[in-house]
Each structure stands twice: as structure tokens, then as C-alpha cells.
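Enquirer: Next up is a structure, given as C-alpha cells.
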Amino acid sequence: MGAEVAPNLSQSVLTQFRGSNRPQDSAWLELGDQVVLVGESAKTCLESNSIRANKSELAAYKIAAALGVVAELESLPPSFEAMVWLALPLTELGTRDAIRTQVEAICQGGFRFRGEPLQVNLTMKAFPEGFGLYLNRKGELDAVGQDINQRRSLIVMMGHRNLSVLCFDGGSLRAAGSNSNGPGFWPMFEKAARSAGVTQPDYGFLMAAIASDQPQQLSVARGRLFDFSEPMTACLDTYWQAVLTYWQDQVMPQLEAVNTEVIISGGASSILRSRLSAYFTELGLSQRVLFTEGGPRRLEALVRGLPESAQIPSMTLRMADSYGLFRGLIGTLDSVAV
Numbered sequence: 314m315g316a317e318v319a320p321n322l323s324q325s326v327l328t329q330f331r332g333s334n335r336p337q338d339s340a341w342l343e344l345g346d347q348v349v350l351v352g353e354s355a356k357t358c359l360e361s362n363s364i365r366a367n368k369s370e371l372a373a374y375k376i377a378a379a380l381g382v383v384a385e386l387e388s389l390p391p392s393f394e395a396m397v398w399l400a401l402p403l404t405e406l407g408t409r410d411a412i413r414t415q416v417e418a419i420c421q422g423g424f425r426f427r428g429e430p431l432q433v434n435l436t437m438k439a440f441p442e443g444f445g446l447y448l449n450r451k452g453e454l455d456a457v458g459q460d461i462n463q464r465r466s467l468i469v470m471m472g473h474r475n476l477s478v479l480c481f482d483g484g485s486l487r488a489a490g491s492n493s494n495g496p497g498f499w500p501m502f503e504k505a506a507r508s509a510g511v512t513q514p515d516y517g518f519l520m521a522a523i524a525s526d527q528p529q530q531l532s533v534a535r536g537r538l539f540d541f542s543e544p545m546t547a548c549l550d551t552y553w554q555a556v557l558t559y560w561q562d563q564v565m566p567q568l569e570a571v572n573t574e575v576i577i578s579g580g581a582s583s584i585l586r587s588r589l590s591a592y593f594t595e596l597g598l599s600q601r602v603l604f605t606e607g608g609p610r611r612l613e614a615l616v617r618g619l620p621e622s623a624q625i626p627s628m629t630l631r632m633a634d635s636y637g638l639f640r641g642l643i644g645t646l647d648s649v650a651v
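Structure representation (C-alpha cells):
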């Protein structure tokens, strides 16, 4: 399900959606007289890209829609219990109580998802983005008899909105070495695209050119195939310089301990993979840097079964953090059950 949310709509908007598609492709909530579109269905009602919005601003709607998708796919009864672990950027963790209050009001008060009434007794916890990757790495080390508590782990999340670093020392999150104020790909992309003369209708095609490394793409503005090589290079150079500056200021000082490893992930990390690899090799750090190429085998198998995987090759990479949180949640439930 996509990240877009279009709230405060009237019932008339639903005429184009009723009875269509998978729930995750055509998701909407009815909250009294208000209709909220979520994901793909919201795109036609939005004037701007929701990547710019803080996750906390629209999180309650997204959580309710996700619960609705699960309820429909799993044929759950109209009333059920749910436990949710939510990943938020460090800078937005302070909003977790507000999010919890908002989503509890929606779930406990009752809402309609795609016309079906739902009421959910919700338990929610919030964690910093990247904690799921730490749990994945802990599981990998546990499997070979190594203790993650004996090393420093830097989790670098390269996202489209921001870049985050989580520093775990001795098994605990070290706030002094963690932040979420690094450069995101999208602001750098917009800046470079405008400077290169690319207009907004062509942003999607320029993004496709960068993701596929295929500069020949359709241009809406030109009405023909266009070679996006120069704008591609401009976008990559702009993003790389911003990331490099952040790395040198925020991450390099934390590598003084020889037992430090860096785990790099996030939806934008693949864009700079070759440059990052060359940079770390030049610094003699290649043995201490790990790229999350995909995810655990179970996650890769799950993603292969989704039709979106063909259009989004980086889907496994983008889901790795959430999957780690999911495994942590299941482990918690198992321990409680025992």
C-alpha cells in the first residue's frame, strides 16, 4: 500500500472505487461523513507528493487502513484485537503518544473500511526507524554464535525524506550518536531536477531513469523519448555530496572503536551503492560496512509473490526494517505465550 493520504473528502469520491481491486490498491476509510483515501487511491486527489509530510501527521489513517487491509485479506470478524509496532524517525518519536491517541480514537470508536464496519482494540508501541535492521543483524549474529552486545553497530537508513543513524553500543541505543536529520534523496532530487530544467510532470520518468540506470525515458514535457543522462548525473551528484558531508560530520567520528560495524539500508541506498562501495574501499573500511542487499529469505520469498515486486525492485530492501520489527513482535508474543 502506498504512502499517500487524502483526508476530508466527501462520499461522492467513492463512486470510482467501490468493489474494485485488491484492498491495498483501493483503500479508503469512512469516519462519520468524512472519507479518507489511502495509498494508490489517494494519488488523484493530491496536489503534492506526500513524501514531504512528516510520517506522524497522517500515521493514524495509514495504520487504520493497514488494519483494514489485513482484516479483509484474512477474513477477520468486525471486532478484533491488534498489536502494532510502529517505526518512526527519531525526530518524530515525540509524536508517538499523539499518534496512539488518534489511532485509538479511530479504532475503538469504529470506522468503515471499504464499506465494512470495523472496531479494533489496539495496542501500539513506537520504535526508531532502523531498529528492525538491528534486530535482523542480531538474529544473524546469534545464528553463528556471536553476541551483538560486544560491538558497536551503526544503522544508517538512507530514506527519501531523510537520512537517519542509530548507534547501538553494548546492546543499547546511544542517543548521543543517533539522529534523523541527514539529507533525504527527494529534496536533493527536486533541487537538482529543477536546476537541470526538468519539470514536475517528468519527475517520475527521471526517477525511473535513476532507479533503472536507463537514461532513455518518455518525457511528457517533450512528448517523446528523451535522454535524461545529464539530469540523472546532476541528481546523483547533488545527493552524493550531501550524503558525503553528513557522513564525514556525523558518522566518521563514531568509527574510532575497532569493533564498530556499519549497516546501510533504506530505499535510497541502492541509488548510491556503487559510489558508497568505492568510497569505503578507498578508506579501508569495506570490511566493516554491510549493505542490506535484500532481507531474510522468508521476506524475499514473500516479496517475490507480490505483483509490486516487478515494478519496485528495491521492495525487499525497503521492507527489511519493518520485517525486523515484525520478527521482534512475534518473538515477544511467543515469549509471552510460553
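So the mapping is simple: the working numbering equals the position in the sequence shown, first residue as 1, plus 313.
Cβ atoms here follow ideal geometry from the backbone N, Cα and C, with glycine treated the same way.
Owing to the predicted nature of the structure, the values given are computational and were not obtained by experimental measurement.
Rounded to a whole number of angstroms, what is the C-alpha to C-alpha distance between P320 and L380?
Expert: If you take the alpha carbons of P320 and L380, they lie about 17 Å apart.
Enquirer: Report yes if the CB atom of V457 is closer than 8 Å to the CB atom of I468, and no otherwise.
Expert: No.
Enquirer: So, S465 versus F444, is the Cβ gap smaller than 8 Å?
Expert: Ser is not the amino acid found at residue 465; the sequence shown has Arg there. For R465 and F444, no; Cβs fall outside 8 Å.
Enquirer: Count the other CB atoms, across all protein chains shown, that sit within 10 Å of the CB of T328; report buried if there are 16 or more and exposed otherwise.
Expert: It counts as exposed.
Enquirer: Do L446 and I576 come within 8 Å of each other at the CB atom, strictly closer than that value?
Expert: Closer than 8 Å, so yes.
Enquirer: The beta strand (DSSP E) that contains C358, what's its start and end?
Expert: Unbroken run through C358: none, as it is neither H nor E.
Enquirer: List the whole-angstrom C-beta distance separating A439 from L399, where the pair is believed to meet the contact cut-off of C-beta under 8 Å.
Expert: So it is a contact: roughly 5 Å between Cβ atoms.
Enquirer: Give me the Cα-Cα distance between I643 and K451, rounded to the nearest whole angstrom.
Expert: Their backbone Cα atoms lie some 15 Å apart in a straight line.
Enquirer: Give me whichever residues DSSP pairs with S466 in a beta bridge.
Expert: F481, E574, per the DSSP bridge assignment.
Enquirer: Which class does A650 belong to by DSSP, given the choice of helix, strand or coil?
Expert: Here A650 scores only 37 on pLDDT, less than 50, and its place in the model is too uncertain to base an answer on.
Enquirer: What separation, rounded to the nearest whole angstrom, lies between the Cα atoms of S648 and Q459?
Expert: Summary for S648: the model assigns pLDDT 47, below 50, so the residue's position carries little reliability; its value from the coordinates is reported in the next sentence. Cα to Cα, the separation comes out at about 22 Å.
Enquirer: Residues in the same chain with beta-carbon distance under 6 Å from V382, minus the five sequence neighbours each way, listed in chain order, please.
Expert: Result list for V382: P336, Q337, in chain order.
Enquirer: List, from N- to C-terminal side, the alpha helix (DSSP H) runs of 4 residues or more that fit wholly inside the stretch 408-463.
Expert: The qualifying runs are 409-422, 444-456.
Enquirer: Going by the CB atoms, is the gap between P441 and L401 shorter than 8 Å?
Expert: A contact, by the Cβ cut-off of 8 Å.
Enquirer: What did DSSP end up calling D540 once you bin it into helix, strand or coil?
Expert: Of the three classes helix, strand and coil, the one that applies to D540 here is strand, per DSSP.
Enquirer: I need the straight-line Cα distance from L371 to P391, nearest angstrom please.
Expert: About 24 Å.
Enquirer: Check whether the Cβ of K375 lies closer than 8 Å to any Cβ atom in chain B.
Expert: Among the chains in the structure shown there is no chain B, since it carries only a single protein chain.
Enquirer: Which class does M501 belong to by DSSP, given the choice of helix, strand or coil?
Expert: If DSSP states are grouped into helix, strand and coil, M501 belongs with the helices.
Enquirer: Comparing alpha-carbon positions, which option in V602, A581, A505, G423 lies nearest G345?
Expert: Closest by alpha carbon: G423.
Enquirer: Measure from the alpha carbon of Q554 to the alpha carbon of each residue in G536, R611, D455, F498, then state which is nearest.
Expert: Of G536, R611, D455, F498, the residue nearest in Cα terms is F498.
Enquirer: Taking its Cβ as the centre, do 16 or more other Cβ atoms sit within 10 Å of S508, making it buried, or is it exposed?
Expert: By the 10 Å Cβ count, S508 comes out exposed.
Enquirer: Within the continuous alpha helix (DSSP H) that includes S525, where are the two ends?
Expert: Here the alpha helix (DSSP H) through S525 covers 516-525.
Enquirer: Closest to L531 by C-alpha separation, out of F518, E543, A377, A524, would be which residue?
Expert: Of F518, E543, A377, A524, the residue nearest in Cα terms is F518.
Enquirer: Which residue's Cα is closest to the Cα of G483: N462, Q421, S582?
Expert: The shortest C-alpha separation from G483 is found at N462.
Enquirer: How many whole angstroms separate the CB atoms of P544 and A506, which I take to be in contact at a CB cut-off of 8 Å?
Expert: Indeed they touch by this definition, with Cβ atoms about 6 Å apart.
Enquirer: Hey, could you find the ends of the beta strand (DSSP E) V616 is sitting in?
Expert: Segment 610-617 is the alpha helix (DSSP H) holding V616; no beta strand (DSSP E) there.
Enquirer: Using only the alpha-carbon positions, how far apart do S583 and N434 sit?
Expert: Spanning the two alpha carbons is a distance of roughly 38 Å.
Enquirer: For E343, which three-state DSSP category applies?
Expert: The answer is strand: DSSP assigns E343 an E or B state.
Enquirer: Whose CA, out of R537, P514, G536, F502, lies closest to the CA of T546?
Expert: Ranking R537, P514, G536, F502 by Cα distance to T546 puts F502 first.
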